[in-house]
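Inspection log for the structure reproduced underneath, given as structure tokens.
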Amino acid sequence: MSKGIDEFDLPDLYSNFKKKQKGFLLQHLDALHTWLDNLDGILNELKELLAKRGVVRNNTVIVMTVNSGQSDLLDSAISFAKLGAKDSTLATYYDVDVVWLKNPLDFFHDKSNTEIQKYDILAQHDGSAQPRYNPLSANSGFYYVRALVRKTKSHQQVLVQLLLEHQSMFGLKVKVFDKLLTKEFPGGFHYHQDWKTMRQLLSGNSPAYIFHMSWTENKVNKLKFLQQLGFWHLNDVCMDEQGQKLLEGDILDGSLSERCCSKEAIVTCHFSDKPSSEKCKDSGAPNMT
249 MSKGIDEFDL
259 PDLYSNFKKK
269 QKGFLLQHLD
279 ALHTWLDNLD
289 GILNELKELL
299 AKRGVVRNNT
309 VIVMTVNSGQ
319 SDLLDSAISF
329 AKLGAKDSTL
339 ATYYDVDVVW
349 LKNPLDFFHD
359 KSNTEIQKYD
369 ILAQHDGSAQ
379 PRYNPLSANS
389 GFYYVRALVR
399 KTKSHQQVLV
409 QLLLEHQSMF
419 GLKVKVFDKL
429 LTKEFPGGFH
439 YHQDWKTMRQ
449 LLSGNSPAYI
459 FHMSWTENKV
469 NKLKFLQQLG
479 FWHLNDVCMD
489 EQGQKLLEGD
499 ILDGSLSERC
509 CSKEAIVTCH
519 FSDKPSSEKC
529 KDSGAPNMT
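Residue 453 in the numbering used here sits at position 205 of the sequence shown; the count goes up by one each step and never skips.
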């Protein structure tokens, strides 16, 4: 769950003599030097990897990073893709708690949908009415940006402000899907407040392309919600540190698919008041199918 701007402590710039002597800005410059010194080597490694894997489409590749604390969510998403349930050869910007039900790029690239084609940026609605996200309330966990726009690696609060600025100054056309009227991109708002949409989703009668487990306080609950929904395909043996080791080894021997990926969804009941893909007898959770 995102914190408000006033909920973060200011960095302690002078906690030791070295920091006081050097200054906070120069410490960041040191990190930037490290990145620049290794940039050429990393780009060459990426070129070799991309050529080997054959994932480039339309001369475009989007590279994202995830910290190790969220590796379980990433491993499950990779497992889902490797099982052949979803197209894993295209990448767009999305959080690791987003489940691809269909390829959303088919929706964004549909030339017959003239209403969608007129926008430069399209984003899932966050569902939040917090002033710092208004008036667009675009969710930075799932959005699509056309190639004609210069992209920025921003978090949601910064993203919304940039969208507003570019709307005003450069005529950028931005579309944020209505959280009540648009059924193709449901998320945490629908999970917690719109059970009609969730019933349609879990019964297979939904036009949804993705499901985003947003509006969730922490990673622990994200995992539990996804497990109860039946959107989890990662075996327990591959959770946490063991999963990270197997994920690293997968580059060489493919051990992730063999040991970690479950062909069937792994459904676990956790909550009595949250949507479930099955009737959870012990928890009393409502069956949404």
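Think of the CB as a built atom: it goes at the ideal place given N, C-alpha and C, for glycine as much as any other residue.
Proximity below 7 Å, CB of H481 to CB of S327:
In this structure, S327 lies closer than 7 Å to H481 by Cβ.
I need the DSSP call for N387, collapsed to helix, strand or coil.
strand
Pull up the CB-CB distance for Y381 and Q365, whole angstroms please, since I reckon it's below 8 Å.
Not confirmed; about 26 Å, so no contact.
Applying the criterion that 16 or more other CB atoms from any shown protein chain within 10 Å of the CB defines a buried residue, is N466 buried or exposed?
exposed
With 16 other CB atoms within 10 Å as the buried threshold, where does L477 fall?
buried
Between the Cα of E526 and the Cα atoms of L291, L450 and A456, which residue gives the shortest distance?
Ranking the options by Cα distance to E526, first place goes to L450.
For S454, which of helix, strand or coil comes out of DSSP?
Correct three-state label for S454: coil.
Is the beta carbon of I458 sitting closer than 7 Å to the one on F425?
With contacts defined as CB atoms closer than 7 Å, I458 and F425 fail to qualify as a contacting pair.
Using three-state DSSP, classify M439 as helix, strand or coil.
Correcting the residue identity first, residue 439 is Tyr in this sequence and not Met. It is helical.
Only counting the same chain, and skipping five residues up and downstream in sequence, which positions put a Cβ closer than 7 Å to that of Y367?
K421, V422 and K423
Could you give the DSSP three-state label for W283: helix, strand or coil?
helix
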